[in-house]
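Quick note on my numbering: the sequence shown kicks off at 105 and runs consecutively.
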Amino acid sequence: MSFFGSSMHTLDDLFVHGLKTIYYAERQIAETLPKMIAMATNRDLRAGFELHLTETENQRVRLEQVFRQHGVEAAETTCPAIDGIIKAAKATASDIDDKHVLDAALTFSAQLVEHYEIAQYGTLVAWARELDREDCAVLLAETLAEEKATDDKLTQIAEARIKNANRIILTMVCCRWRHTQPNWQLRHYPWSNPGDLAGRVNRLRRARFYVRRLLAG
Ligand code: FE
Ligand code: FE
105 MSFFGSSMHT LDDLFVHGLK TIYYAERQIA ETLPKMIAMA TNRDLRAGFE LHLTETENQR
165 VRLEQVFRQH GVEAAETTCP AIDGIIKAAK ATASDIDDKH VLDAALTFSA QLVEHYEIAQ
225 YGTLVAWARE LDREDCAVLL AETLAEEKAT DDKLTQIAEA RIKNANRIIL TMVCCRWRHT
285 QPNWQLRHYP WSNPGDLAGR VNRLRRARFY VRRLLAG
């Protein structure tokens, strides 16, 4: 038995098979995105998922238009690749408690999905042109651009999260270092802790020291 079944003999057959596969994948993604929106805590990530859910629903409508233009009835073919990506994403997410780690995992899973879609749509655009179906290629290229833009946005979110994490670590290290320095509070935050008795005594001692030195001078 061949991988694609016995009904595929031409590039046109392969093109239609690809359309059916991505049509199935887009429905799976549209059903999964609301769960990812509910799990995401990063505001930008959630907003990105919400926008892409609307785009994904439009992409299914666009695919129906491609089917129509090509004279084929819109239908789905199960795609084990997208099923596997979504299954792995769910398994990983269910094992994570920390919300920042969960955001990182969701970003990674979403990028896996986008890379899958970029490969699918990129190939379909090329095949449509080879088959002289520029009308179909234009629509598929529109979706391809959306998938690439989503992938870029996810990269930016991932990089911003890493930068933010590094900033927090640096701040913690600096605070810890300051606390090891003598009189760190007086030197760095002389106005802080007004209710702290030890701080007040230190400030008074320092003031008395300066007054004495002035008087002595
Ligand atoms: Fe899509
Ligand atoms: Fe997508």
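Note that the Cβ used here is the ideal one computed from N, Cα and C, for glycine as well. Keep in mind the model is a prediction, meaning the values are calculated, not measured.
Can the beta-carbon of I189 be found closer than 8 Å to that of L216?
yes
Give the DSSP-derived three-state secondary structure of R265 in the structure shown.
helix
Look at the alpha carbon of A197 and the alpha carbon of H121, and state the distance between them as a whole number of angstroms.
31 Å
Are the CB atoms of E250 and Q163 within a distance shorter than 8 Å?
The answer is yes: Cβ separation under 8 Å.
Compare the Cα-Cα distances from E221 to each of T114, H156 and I261 and report the closest residue.
H156
Where A192 and A264 are concerned, what is the direct C-alpha to C-alpha distance, given to the nearest angstrom?
25 Å
Taking the C-alpha atoms as reference points, what is the distance between I186 and Q132?
Just so you know, the alpha carbons of I186 and Q132 end up roughly 8 Å apart.
Should T158 be counted as a contact of ligand 2 given a C-beta to heavy atom distance under 7 Å?
Checking every heavy atom of ligand 2 against the Cβ of T158, none is found closer than 7 Å.
Does the distance between the C-beta of I141 and the nearest non-hydrogen atom of ligand 2 fall short of 7 Å?
no
Is the CB-CB distance between E168 and A178 below 8 Å?
yes
Given a threshold of 16 other Cβ atoms within 10 Å of its Cβ, counted over all protein chains shown, does V229 qualify as buried or as exposed?
buried
What distance in whole Å lies between the Cβ atoms of K257 and G152, which are believed to be in contact at a cut-off of 8 Å?
G152 to K257, Cβ: 5 Å. Contact.
Using the Cβ count rule (16 or more neighbours within 10 Å means buried), how would you classify F119?
buried
Please work out which residues of its chain come closer than 7 Å, Cβ to Cβ, to T160, disregarding the five sequence neighbours upstream and downstream, and give them in chain order.
In chain order, E130, I133, A134 and L137 place their CB closer than 7 Å to the CB of T160, counting only its own chain and leaving out the 5 sequence neighbours on each side.
Ligand 1 and Q132: does any heavy atom of the ligand fall closer than 7 Å to the residue's C-beta?
no
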